[in-house]
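Asks: Pasting a structure below so you can have a look.
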Amino acid sequence: MRRMSCPPLLCRRRALPHAVPRGFTWVELLVTLAILGILTALGAPGLRALLDQRTVATQASALADALRLARAEAVKRHQRVTICNTPAPDALTPACASASTNWSTGWLIFADTNGNKVKDAHETLLHLQQALPPTVGLMLAHSKPAITFGGQGLAVANNASFLVQSLASSTTPSPPSQRCVRLAVSGRVRVLHGVC
91 MRRMSCPPLL CRRRALPHAV PRGFTWVELL VTLAILGILT ALGAPGLRAL LDQRTVATQA
151 SALADALRLA RAEAVKRHQR VTICNTPAPD ALTPACASAS TNWSTGWLIF ADTNGNKVKD
211 AHETLLHLQQ ALPPTVGLML AHSKPAITFG GQGLAVANNA SFLVQSLASS TTPSPPSQRC
271 VRLAVSGRVR VLHGVC
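First residue of the sequence shown: 91, per the working numbering; consecutive thereafter.
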């Protein structure tokens, strides 16, 4: 039997193209990871500073909101409302600190019916703030243990200033990581950048 021959275009075996390598080689992967590590190391301090600034701004806003709440409650109830720092916000009956200017431990707002700036058993607790994160410091610029608003919404005492700053850095905090919360006698609350 005779073999039939194929025309050369039909019977020729097709040559397979060389397989092109796909993906990364180990060297390329290691170089990429090294570059990523260097960029992360360069960007981490800037990210830490940004997080510190956001934390300080958040806590300053929380204090400003608490002061506004105390004022609004005083106007709504037509009676004195006091906000004071508390050393133990988790206590069964939280009380005001006697003379501490450190408000980082938390604060409470209560209807001060007798006007003595001390939370008594019969007085209504309106708000309780837990301690701030350990990376944030909050100090009252004067030695008054509490701030009281009268029934008209005016602060009973003089102006008050609070310094909110980051404690995360071992160096002196920079102005971007500091806020000043100011309370005017009129009851107006402002949050400013930098020190008081």
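Backbone N, C-alpha and C define an ideal beta-carbon position, used for all residues, glycine too.
Alpha carbon to alpha carbon, what distance is there between residue 126 and residue 189?
Replies: Position 99 of the sequence shown holds residue 189. Position 36 of the sequence shown holds residue 126. Taking the straight line from one Cα to the other gives about 51 Å.
Asks: Decide if residue 279 is buried, meaning its Cβ has at least 16 other Cβ atoms within 10 Å, or exposed.
Replies: Taking the sequence shown and counting its residues from 1, one reaches residue 279 at position 189. Buried is the call here.
Asks: For the candidate residues 207, 145, 123, whose alpha-carbon lies nearest to that of residue 169?
Replies: Sequence index remark: in the sequence shown, residue 169 carries index 79 (1-based). Checked all of 207, 145, 123; the closest Cα to residue 169 is 207.
Asks: Starting from residue 337 and walking both ways along the alpha helix (DSSP H), at which residues does that stretch end?
Replies: The shown model of the chain, from 91 to 286, leaves out residue 337, and the question about it has no answer.
Asks: Going by beta carbon distance, what residues of the same chain come within less than 6 Å of residue 185, once the five residues before and after it are set aside?
Replies: Against the sequence shown, residue 185 aligns to sequence position 95. Cβ within range, chain order: 209.
Asks: Smallest Cα separation from residue 39: which of 244, 224, 239, 116?
Replies: With the chain covering 91 to 286 only, the question about residue 39 has no answer from this structure.
Asks: Output the distance between the C-alpha atoms of residue 158 and residue 282, rounded to the nearest integer angstrom.
Replies: In the sequence shown, residue 158 corresponds to position 68, counting from 1. In the sequence shown, residue 282 corresponds to position 192, counting from 1. Taking the straight line from one Cα to the other gives about 16 Å.
Asks: To the nearest angstrom, report how far apart residue 187 and residue 135 are at their CA atoms.
Replies: Position 97 of the sequence shown holds residue 187. Position 45 of the sequence shown holds residue 135. C-alpha separation (whole angstroms): 36 Å.
Asks: Going by beta-carbon coordinates alone, are residue 268 and residue 254 separated by less than 8 Å?
Replies: The residue labelled residue 268 in the question sits at position 178 within the sequence shown. The residue labelled residue 254 in the question sits at position 164 within the sequence shown. Yes, they are a contact pair.
Asks: To the nearest angstrom, report how far apart residue 138 and residue 257 are at their CA atoms.
Replies: Residue numbering aside, residue 138 sits at position 48 when the sequence shown is read from its first letter. Residue numbering aside, residue 257 sits at position 167 when the sequence shown is read from its first letter. Going from the Cα of residue 138 to the Cα of residue 257 covers about 12 Å.
Asks: When the Cα atoms are used, what is the spatial distance from residue 216 to residue 140?
Replies: As a position in the sequence shown, residue 216 is number 126, starting the count at 1. As a position in the sequence shown, residue 140 is number 50, starting the count at 1. Roughly 33 Å between the two C-alpha positions.
Asks: Which residue from 182, 240, 239, 226 puts its Cα closest to that of residue 252?
Replies: Along the sequence shown, one-based indexing puts residue 252 at 162. Of 182, 240, 239, 226, the residue nearest in Cα terms is 226.
Asks: Assign residue 128 to buried or exposed, taking buried as 16 or more other Cβ atoms, counted over all protein chains shown, within 10 Å of its Cβ.
Replies: As a position in the sequence shown, residue 128 is number 38, starting the count at 1. Answer is exposed; the Cβ neighbour count stays below 16.
Asks: Tell me residue 220's beta-bridge partners as DSSP assigns them.
Replies: As a working mapping, residue 220 is identified with position 130 in the sequence shown. The partner list for residue 220 (beta bridge, DSSP) is empty, contrary to what the question assumes.
Asks: Is it buried or exposed, residue 53, if we count other Cβ atoms within 10 angstroms and call 16 or more buried?
Replies: A question about residue 53 goes unanswered here, because the residues of the chain that appear run from 91 up to 286.
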